[in-house]
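Asker: Counting in the working numbering, the sequence shown runs from 30 upward without gaps. The beta carbon of each residue, even a glycine, is placed where N, CA and C say it ideally should be.
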Amino acid sequence: MKSKIYILGPQGSGKTLLAKKISKRLRIPSFSLDDIYYKKKYTVKRSEDEKKKMLSKILGRRKKWIIEGVATSFVSDAVKQADLVIWLDVDHRLLSYRVIKRQIFRRESLFRLRKLLSEIKLYKNKKGKYKEHKGLLKVSKKYIVLRGRKDIKKCLSELDDQ
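1) Sorted by chain position, which residues of the same chain lie with C-beta nearer than 6 Å to L37's C-beta, five sequence neighbours on each side aside?
2) Let's test the definition: count the other Cβ atoms within 10 Å of the Cβ of Y126 and tell me whether it reaches 16, buried, or not, exposed.
3) Give the straight-line distance between the Cα atoms of D189 and Q132, rounded to the nearest whole angstrom.
4) With a floor of 3 residues, list each beta strand (DSSP E) that falls wholly inside the segment 76-121, ordered by position along the chain.
5) Can you look up K153 in the DSSP assignment and give me helix, strand or coil?
6) Spell out the partners DSSP gives S138 in its beta bridges.
7) Taking the beta strand (DSSP E) that S61 falls in, what are its first and last residues?
8) Determine the contact status of I95 and A48, defining contact as a CB-CB distance below 8 Å.
9) Considering only C-alpha positions, which residue in the set L146, V104, L124 is nearest to L166?
10) So what's V73 in DSSP terms, helix, strand or just coil?
11) Along the alpha helix (DSSP H) that carries K44, what are the first and last residues, could you check?
12) Please work out which residues of its chain come closer than 6 Å, Cβ to Cβ, to Y159, disregarding the five sequence neighbours upstream and downstream, and give them in chain order.
Here it is, written out as structure tokens:
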């Protein structure tokens, strides 16, 4: 059974939802990189040193974990330790729809919405995280790429069978 799972992908790809589903099914605690990255949700960022220390605590103290997030700068140790890395590579139109829907539901600022939509637009661009996410897969033991609901359902089913 997989006991250390790392989930990555752009904003709106479904990382948090997938992490919660896997966490519930396998009874493994789930951690969001957003909680490590920010001191105050989406506003005050932690230093690189603080982020690395917080992530190291999770990796060092837990035999089982699910970690999900967009961040790449401080996560290579988690990716190396993961039994499975799941990359959610979802169509940018679906990402945009999900982010708009989420921002309306959360009643967050228009500025934040514009920023997220810009990041989605740039994700597969040279300046985006796509290349960084792809690079992280090179240090992983095992990874799978999920591109939609069908892939996600199949992945969850396979995890149930283990």
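Answerer: To lay it out plainly:
1) W116, H162
2) exposed
3) 32 Å
4) 94-98, 113-117
5) coil
6) None, per the DSSP bridge assignment.
7) 59-61
8) yes
9) V104
10) strand
11) 44-55
12) Y152, K153
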